[in-house]
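Here's the structure we're looking at; comments come further down.
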Amino acid sequence: MIILNRCSPIRQILRRCHTEAAACSKVRSPLTAFFGKWPESEQQEFVQHMRIIPDFITESEEQQLHEEVEPYMNRLRYEFDHWDDAIHGFRETERKKWYPHNRDVLERVRQVAFEGAIMPYIHVLDLAADGVIKPHVDSTRYCGTTISGISLLSDSVMRLVRTDAQKYQQPVTGTVTDAKSADSDAVYGHRRFPEALLENGFYADLLLPRRSLYIMCHTARYNFTHEILSKEHSTFLGTAIPKARRISIICRNDP
Ligand code: OGA
Ligand code: MN
Numbered sequence: 001m002i003i004l005n006r007c008s009p010i011r012q013i014l015r016r017c018h019t020e021a022a023a024c025s026k027v028r029s030p031l032t033a034f035f036g037k038w039p040e041s042e043q044q045e046f047v048q049h050m051r052i053i054p055d056f057i058t059e060s061e062e063q064q065l066h067e068e069v070e071p072y073m074n075r076l077r078y079e080f081d082h083w084d085d086a087i088h089g090f091r092e093t094e095r096k097k098w099y100p101h102n103r104d105v106l107e108r109v110r111q112v113a114f115e116g117a118i119m120p121y122i123h124v125l126d127l128a129a130d131g132v133i134k135p136h137v138d139s140t141r142y143c144g145t146t147i148s149g150i151s152l153l154s155d156s157v158m159r160l161v162r163t164d165a166q167k168y169q170q171p172v173t174g175t176v177t178d179a180k181s182a183d184s185d186a187v188y189g190h191r192r193f194p195e196a197l198l199e200n201g202f203y204a205d206l207l208l209p210r211r212s213l214y215i216m217c218h219t220a221r222y223n224f225t226h227e228i229l230s231k232e233h234s235t236f237l238g239t240a241i242p243k244a245r246r247i248s249i250i251c252r253n254d255p
């Protein structure tokens, strides 16, 4: 088991950001790094709709969640074959019935992240150390306004890239369709962005510490692709963020 000591890069980033937050009320979020030319109003909206709560669960809650899903995950094989798919090097399941202590944690997620009910089946995604989640937008047919995930076992970096940045920027090469269209999965489910869009558009990197909760809703959920960077690209503001095997417990609401 990897234990974060007080000198680990993440602790240093968190400490640095806490100091900055204390010194400057304009710091938006210590775990978010913005790139490109963000329209001011977009950025304000974004910070409200993409939040990260560090240490949302304790070490023992992490262990209990892990213990509940591990026997099941262990029986599945990591899928590496389909290079076209949005996710590579993963195994997954959906779980409805949870042990009471874990049910309590999920109820806390519901209270913090959702205005109403969540879907009864909770998504459990086990991403291998060398697995990757490529840029995509969750299907608007199967998922509502909000996606909220707890990260177990590893830190990681999530990148959110604006999907129709050309509205605000110079025209770029590559076809981009409104992510809210019914075919958003077909458009984004398995495609990387043309480099030009990343360079000319705007995006944000989010540091997701182990045991944190992220809440992605509204503009962050519909107008940005999200991805988990591969271990080779896993850096945050120039600091390497080692990505090991990561299990995410993801709650969503109905469309
Ligand atoms: C997904 C996804 C993010 C995560 O399964 O669609 O984006 O936190 N997962 O694992
Ligand atoms: Mn997703």
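The sequence shown begins at 1 in UniProt numbering and counts up one residue at a time. Ideal Cβ positions, reconstructed from N, Cα and C, are used throughout, including at glycine.
#1: For the alpha helix (DSSP H) that Tyr222 lies in, which residues bound it at each end?
#2: Assuming the contact rule is C-beta atoms closer than 8 Å, residue 267 and Arg245 should be a hit. Round their C-beta distance to whole Å, please.
#3: With distances taken between CB atoms, is the gap from Ile249 to Ile150 smaller than 7 Å?
#4: What residues in its chain sit with their C-beta under 8 Å from that of Pro54, if we drop five residues either side in the sequence?
#5: Report whether the distance from the Cβ of Ser248 to the nearest heavy atom of the ligand OGA is below 6 Å.
#6: Does the Cβ of His101 have 16 or more other Cβ atoms within 10 Å, making it buried, or fewer, making it exposed?
#7: Measuring only the C-alpha atoms, how far is Glu68 from Lys37?
#8: Which residue spans inside the segment 36-61 form an unbroken beta strand (DSSP E) run of at least 3?
#9: Hey, out of Glu94, Gly238, Cys251, whose CA is closest to Phe35's CA?
#10: Just to confirm before moving on: does the CB-CB distance between Tyr121 and Glu92 stay below 7 Å?
#11: Does the Cβ of Val112 have 16 or more other Cβ atoms within 10 Å, making it buried, or fewer, making it exposed?
#12: Need the endpoints of the alpha helix (DSSP H) that residue 334 sits in, please.
#13: Between Asp155, Thr163, Cys251, Phe202, which has its C-alpha nearest Ile228's C-alpha?
#14: Return the chain-ordered list of same chain residues with a C-beta closer than 6 Å to the C-beta of Ile118, the five sequence neighbours on each side being excluded.
In brief:
#1: The count along the sequence shown starts at 1 and reaches residue 222 at position 222. For Tyr222, the uninterrupted alpha helix (DSSP H) segment begins and ends at 218-222.
#2: With the chain covering only 1 through 255, there is no way to say anything about residue 267.
#3: Residue numbering aside, residue 249 sits at position 249 when the sequence shown is read from its first letter. Residue numbering aside, residue 150 sits at position 150 when the sequence shown is read from its first letter. Their beta carbons are under 7 Å apart, which means Ile249 touches Ile150 by this criterion.
#4: For this step, residue 54 is matched to residue 54 along the sequence shown. Correct list, in chain order: Leu14, Leu31, Pro209, Arg211, Ser212.
#5: As a working mapping, residue 248 is identified with position 248 in the sequence shown. Yes, Cβ of Ser248 sits closer than 6 Å to a heavy atom of the ligand OGA.
#6: Here residue 101 refers to the residue found at position 101 when the sequence shown is read from its first residue. With fewer than 16 other Cβ atoms within 10 Å, it is exposed.
#7: Taking the first residue of the sequence shown as position 1, residue 68 is located at position 68. Taking the first residue of the sequence shown as position 1, residue 37 is located at position 37. Using only the alpha carbons, I get a separation of about 44 Å.
#8: Those beta strand (DSSP E) runs which fall completely within the segment 36-61 and span 3+ residues are 50-53.
#9: Looking up residue 35 in the sequence shown gives position 35. Phe35 has its Cα closest to that of Gly238, out of Glu94, Gly238, Cys251.
#10: Mapped onto the sequence shown, residue 121 falls at position 121. Mapped onto the sequence shown, residue 92 falls at position 92. Their beta carbons are not under 7 Å apart, which means Tyr121 does not touch Glu92 by this criterion.
#11: Here the question's residue 112 lines up with position 112 in the sequence shown. By the Cβ-count criterion, Val112 is exposed, with fewer than 16 other Cβ atoms from all chains shown falling within 10 Å of its own Cβ.
#12: Residue 334 is absent from the model: the chain starts at 1 and stops at 255.
#13: The sequence position of residue 228 within the sequence shown is 228, counting from 1. Taking only the C-alpha atoms, the option nearest Ile228 is Asp155.
#14: Mapped onto the sequence shown, residue 118 falls at position 118. Arg110, Cys251, Asn253, listed in sequence order.
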